[in-house]
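K.L.:
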Amino acid sequence: MIKQHIQKKLEKYVRKYFAKYPDIKLIVVTGSVGKTSTKVAIATVLSEKFRVRLHEGNHNTQMSAPLAMLGIEYPQNIKSYWQWLAVFKAARLRIKEPADVDVIIQELGTDMVGEVPHFGTYLVPYISVVTAVSPEHMEFFHNIDAVAREELAAANFSRLAIINRDDIDGSYSRFLTNSNVDTYGTSASAEYYYMSENYTPENGYDGKFIAPEWESPLQVNIKTIGEHMIRPAVAAGAVAIKLGMSQADIAAGIKKFHPLPGRMNILRGDKESIIIDDTYNSSPLAAGSALRVLYQMMVPQRIAVLGSMNELGETSAEEHKRLGELCDPFQLAWVVTVGDEAEKYLAPAAKTKGCQVRSFKTAIEAGSFVHSVLDEGAAVLFKGSQGDIFLEEAVKIILHSTVEESELVRQSPAWIEKKTAFFSENS
Numbered sequence: 001m002i003k004q005h006i007q008k009k010l011e012k013y014v015r016k017y018f019a020k021y022p023d024i025k026l027i028v029v030t031g032s033v034g035k036t037s038t039k040v041a042i043a044t045v046l047s048e049k050f051r052v053r054l055h056e057g058n059h060n061t062q063m064s065a066p067l068a069m070l071g072i073e074y075p076q077n078i079k080s081y082w083q084w085l086a087v088f089k090a091a092r093l094r095i096k097e098p099a100d101v102d103v104i105i106q107e108l109g110t111d112m113v114g115e116v117p118h119f120g121t122y123l124v125p126y127i128s129v130v131t132a133v134s135p136e137h138m139e140f141f142h143n144i145d146a147v148a149r150e151e152l153a154a155a156n157f158s159r160l161a162i163i164n165r166d167d168i169d170g171s172y173s174r175f176l177t178n179s180n181v182d183t184y185g186t187s188a189s190a191e192y193y194y195m196s197e198n199y200t201p202e203n204g205y206d207g208k209f210i211a212p213e214w215e216s217p218l219q220v221n222i223k224t225i226g227e228h229m230i231r232p233a234v235a236a237g238a239v240a241i242k243l244g245m246s247q248a249d250i251a252a253g254i255k256k257f258h259p260l261p262g263r264m265n266i267l268r269g270d271k272e273s274i275i276i277d278d279t280y281n282s283s284p285l286a287a288g289s290a291l292r293v294l295y296q297m298m299v300p301q302r303i304a305v306l307g308s309m310n311e312l313g314e315t316s317a318e319e320h321k322r323l324g325e326l327c328d329p330f331q332l333a334w335v336v337t338v339g340d341e342a343e344k345y346l347a348p349a350a351k352t353k354g355c356q357v358r359s360f361k362t363a364i365e366a367g368s369f370v371h372s373v374l375d376e377g378a379a380v381l382f383k384g385s386q387g388d389i390f391l392e393e394a395v396k397i398i399l400h401s402t403v404e405e406s407e408l409v410r411q412s413p414a415w416i417e418k419k420t421a422f423f424s425e426n427s
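Taken in order, the sequence shown gives residues 1 to 427; the numbers are from our numbering.
(1) Phe330: buried (16+ other C-beta within 10 angstroms of its C-beta) or exposed?
(2) Am I right that Asp102 and Phe50 are in contact with their C-beta atoms under 8 Å? What's the rounded C-beta distance?
(3) Are Ile398 and Val380 touching if we call contact CB-CB under 8 Å?
(4) With a threshold of 16 other CB atoms inside 10 Å of the CB of Pro259, please say whether the residue is buried or exposed.
(5) Using the C-alpha atoms, what's the distance from Val335 back to Ala99?
(6) Which residues in the same chain have their Cβ closer than 7 Å to the Cβ of Ala252, if we skip the five residues on either side of it in sequence?
(7) My understanding is that Leu70 touches Val14, with C-beta atoms under 8 Å, so please give their C-beta distance in whole angstroms.
(8) Based on the DSSP secondary-structure assignment, which residues constitute the bridge partners of Lys208?
(9) Is it true that the segment 74-86 meets the segment 16-35, where meeting means three or more beta-carbon pairs spaced less than 8 Å apart?
(10) List the endpoints of the continuous beta strand (DSSP E) containing Arg358.
(11) Tell me the DSSP bridge mates of Asp182?
(12) Do we get a CB-CB distance below 8 Å when we pair Leu323 with the residues of chain C?
(13) With contact counted as at least three CB pairs below 8 Å, one residue from each stretch, are the segment 236-245 and the segment 264-272 in contact?
(14) If the criterion is Cβ atoms closer than 8 Å, does the pair Gly34 and Arg231 meet it?
(15) What span of residues does the beta strand (DSSP E) with Val129 cover, start to end?
(16) Excluding the 5 residues preceding and the 5 following Arg53 in the sequence, name in chain order all residues of the same chain whose CB lies nearer than 6 Å to its CB.
(17) Is it right to say Pro22 is buried, meaning 16 or more other beta carbons lie within 10 angstroms of its own, or is it exposed?
(18) Tell me whether Gly476 sits in a helix, a strand or coil according to DSSP, three-state version.
(19) Between which two residues does the alpha helix (DSSP H) containing Leu10 stretch?
(20) Would you mind stating whether Val113 and Ala146 have Cβ atoms separated by less than 8 Å?
(21) Find the nearest neighbour of Thr44 within the set Lys255, Gly339, Ala394, judged by alpha-carbon distance.
(22) Considering only residues of the same chain and omitting the five flanking positions on each side of Ala41, which have a CB-CB separation below 7 Å?
(23) Taking 7 Å as the limit between beta carbons, can you name the residues of its chain near Thr61, skipping five residues before and five after?
(24) Are Phe209 and Pro217 closer than 8 Å when you measure CB to CB?
(25) Quick check for students: name the residue ranges of the beta strand (DSSP E) that lie wholly in the segment 94-150, counting only runs of 3 or more.
(26) What do you get for Thr279, buried or exposed, if any count of 16 or more other CB atoms within 10 angstroms of its CB means buried?
(27) Under three-state DSSP, which class holds Lys25?
(28) Where do the ends of the beta strand (DSSP E) carrying Ala378 lie?
(29) Alpha helix (DSSP H) containing Gly307: first to last residue?
(30) Between the alpha carbons of Phe501 and Thr38, how many angstroms are there, rounded?
(31) Of all the beta strand (DSSP E) runs that stay within the bounds of the segment 271-329, which reach a length of 3 or more residues?
(32) Per the contact definition of three or more C-beta pairs closer than 8 Å, is the segment 185-195 in contact with the segment 160-167?
(33) Between the Cα of Lys12 and those of Lys25, Met63, Asp328, Thr186, spot the shortest distance and give me the residue it belongs to.
(34) Cα separation between Tyr126 and Pro117?
(35) According to DSSP, simplified to helix, strand and coil, what is Thr177?
(36) Do you know how far the Cα of Glu376 is from the Cα of Ile222?
Following this line, the structure appears as C-alpha cells:
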C-alpha cells in the first residue's frame with residue numbers, strides 16, 4: 001500500500017509538471033533491445049539545438065521513471081520516510097521553478113505484462129520510439145505476441161510513433177491503434193533510413209541519411225560497428241527532423257554519437273587483438289547481430305565468448321540452441337560459453353555445427369582460457385547478460401591495458417563487491 005501511495009504521488013507530480021509546461025516535448029523509448037543506446041543517441045543529436053534532460057542510467061521502472069523525467073535523484077534508501085519526503089519536496093519545487101529543459105527523453109522498461117501500458121495512464125509523449133520486438137522476460141510474457149503488444153503500447157498513447165522497421169515484424173502492426181506512425185532503419189523499406197557506402201572498424205560507417213522531408217540525402221559518418229548499431233543514430237535523426245532541426249545540426253549530433261560501455265564497444269586487447277565488448281546484456285536478437293559483426297572482421301582468428309541469455313523462460317532452450325546454430329566453424333576458432341543455459345543448449349548446438357567449444361561456469365575461467373589460445377591480431381566477441389554472467393570480468397583478462405577497465409560496465413564499488421562475492425562462491 002505504501003509503495004502504491006508513493007507511485008500515485010509521483011505520477012501526480014509528473015502530470016502537474018507537463019500541464020504547467022506544455023511546450024516541453026517528452027520523447028519515450030521502448031523496445032526489447034537497444035533502448036539505452038537509442039535514447040542516448042537521441043539526446044546526443046537533440047543537444048545540438050535543445051536543452052535536454054536524460055538520465056543515462058536505467059531509471060525506467062514505474063517507481064524511478066517519474067523521478068528521471070523530473071530530474072530528481074532516486075532515493076538511496078527507498079524504505080526511508082524522510083528520503084521520500086525530500087523527494088516530494090524536490091518535485092514540488094521542480095513544478096514551481098522555471099522550466100530548465102526543452103526536451104525530456106525517457107526510457108520505459110517492462111518486466112511483465114501491463115507495465116508499458118500503465119505509463120500511458122499519466123503520460124502523453126510527443127514521440128515514442130520503439131526499437132525492437134524480440135524475446136524478453138519470457139517467464140512472464142510466454143509468447144512473442146505478448147511482447148509485441150507490450151512494447152508497441154507506447155506507440156498507441158503517443159502523438160507520434162517512430163518504429164524500427166528492421167527489428168519489428170510488420171505483422172505486429174495489428175497491435176497499433178495510432179495511425180500517426182513512421183518507420184526507421186537501415187533498409188529502404190523505412191521512411192527514414194541510412195545507406196552505408198563504406199565501412200571500416202576504425203572509422204565506422206560513411207553513408208547517406210535519407211528522409212522524406214529532404215530533397216537530397218545527408219552525408220554523415222556514424223562511428224560504430226554493426227548494422228544494428230546504426231539504427232539508434234537513424235532513430236535520433238528521425239526524431240530531430242520531427243522537432244525541426246537542420247541537416248547541419250543533425251549531422252553534427254550524429255557524428256558525436258558513439259557506443260556506450262558494454263554495447264558493441266571496440267577495445268584494444270593483448271597481442272594486438274580486437275575486443276568487441278558487448279557485455280551489458282544479451283538477447284537472441286542482439287547476440288545474433290553481434291556474431292554477424294564478428295564474422296565481418298578480417299582477422300586471422302575469431303573467438304566468440306557467449307554467456308547464457310537470462311529471462312527467456314520456457315523459450316530458453318530453443319533460443320540458446322538457435323544461437324549455437326549460428327556459430328560457424330569456418331568463421332570461429334573457438335566458441336566459449338559461460339553459464340548453465342549456454343552450456344546445456346548453446347554448446348551442443350555449436351558442436352553439432354562443427355565448432356570447437358569450451359564451457360565454463362564463470363567469466364574469469366573463460367577469460368583465462370581465451371587468453372591461453374589467443375593468436376596475434378585476433379578478434380574476440382564477448383556477449384553476455386548481467387545476472388551471474390558478468391563477461392566484463394573476462395574482458396579484463398584480455399585487455400591490453402588496465403586503464404581501459406574504466407570503459408567496462410558494472411565497475412562501481414557496489415558492483416565490484418557483488419561480483420567479488422559471486423566469484424568467491426563459484427570458484
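Ideal Cβ placement from N, Cα and C applies to all residues, glycine included.
Fair warning: this is a prediction, and the values are worked out from it, not measured in the lab.
P.N.:
Put simply:
(1) Here Phe330 is exposed. Its C-beta has fewer than 16 other C-beta atoms within 10 Å.
(2) 4 Å
(3) yes
(4) buried
(5) 52 Å
(6) Glu48
(7) 7 Å
(8) Met195, Gln219
(9) no
(10) 357-360
(11) Ile162
(12) Among the chains of the structure shown, chain C does not appear; only one protein chain is present.
(13) Flag = no, the segment 236-245 and the segment 264-272 do not touch.
(14) yes
(15) Its beta strand (DSSP E) spans residues 127-130.
(16) Excluding positions up to five away in sequence, the list reads Gly71, Val101, Ile104.
(17) exposed
(18) No answer is possible for residue 476: it lies beyond the span of the chain, which begins at 1 and ends at 427.
(19) 2-20
(20) Yes, the pair counts as a contact, with Cβ atoms nearer than the cut-off.
(21) Answer by Cα proximity: Lys255.
(22) Pro232, Ala233, Ala235, Ala236, Phe257
(23) Gly109
(24) yes
(25) Counting whole runs of 3 or more residues, the segment 94-150 contains the beta strand (DSSP E) stretches 103-107, 127-130.
(26) buried
(27) Collapsing the DSSP output to three states places Lys25 in a strand.
(28) Premise fails: Ala378 is in no beta strand (DSSP E) and is neither H nor E.
(29) Premise fails: Gly307 lies in the beta strand (DSSP E), 302-307, not in any alpha helix (DSSP H).
(30) Since the first and last residues shown for the chain are 1 and 427, residue 501 lies out of range.
(31) 274-278, 302-307
(32) yes
(33) Met63
(34) 16 Å
(35) coil
(36) 28 Å
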